[in-house]
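For reference, the structure discussed in these notes is given below.
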Amino acid sequence: MKPIKFNEANKNLLKPQNMTDEECEREYNGWKEYYSANTHPIFPGMDRIIHRQKDLGGLVCVATLSPKADIMRDYAQHFHMEPDAVYDHDMPRHMRKPNPYPLLDIMQRYDLKPEEILAIESKTQNLIQINDCPLRGVA
């Protein structure tokens, strides 16, 4: 599979076709309202992975299209911990998913080498941000 490089054209992969920015914002606000009242489900076994990572002294950082408050609530409920860093949808556009900024900032902030990071995604189209970084990612 040929790597996908992040650019303006790739934004359309994450934006429904034929929707204006205003329509996308309205959709996001509806989604945000729903999830603020409902806990996100987790993948089976994710709690074991998260706890093992922390038990071994690792970091858990989240780059998400969800609001930070929801991520903090869900991590407290599912994992009984807070992530080390959260890059959410309410951050400036250049600092949030699918831009590579969150991954590059995590590397700089925690003085990590590319081989010390594994980015895990729930969807393959979200690997866009990983392809502009010198690190491994799985979906």
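Counting in this note's numbering, the sequence shown tops out at residue 618, every number present. Glycine residues also receive a C-beta, built at the ideal position from the N, C-alpha and C atoms. What you are looking at is a predicted structure, and each value in this text was computed from that prediction instead of being measured.
Nearest to residue i by alpha carbon, out of the options?
i      : options                        : result
Leu538 : Arg572, Tyr589, Ala555         : Tyr589
His530 : Phe558, Glu504, Thr499         : Phe558
Tyr514 : Thr603, Met574, Lys576, Asp553 : Asp553
Leu591 : Cys540, Gln556, Glu501         : Cys540
Ser601 : Arg505, Gly509, Met525         : Met525
Ile550 : Cys503, Thr603, Ala516         : Ala516
Just verifying my parser: in three-state terms, what is the DSSP assignment at residue i?
i      : result
Ala516 : coil
Tyr580 : helix
Tyr623 : Because the chain here runs from 480 to 618, residue 623 falls outside it and cannot be looked at.
Arg575 : coil
Ile599 : strand
If we call anything under 9 Å between Cβ atoms a contact, is residue i one with residue j?
i      : j      : result
Arg572 : Ala598 : no
Ala564 : Ile585 : yes
Ala542 : Pro581 : yes
Thr535 : Lys576 : The residue asked about is misnamed: residue 535 is Leu in this sequence, not Thr. Not closer than 9 Å, so no.
Tyr566 : Met560 : no
Thr499 : Gln556 : no
On the premise that residue j lies in contact with residue i, defined as a C-beta separation below 8 Å, what is that separation, rounded to the nearest angstrom?
i      : j      : result
His568 : Pro546 : 6 Å
Pro461 : Cys612 : Within the shown structure, residues of the chain are numbered from 480 to 618, placing residue 461 beyond reach of any answer.
What are the partner residues of residue i, as DSSP defines its beta bridges?
i      : result
Val541 : Val565
Ile528 : DSSP output for Ile528 lists no bridge partner at all.
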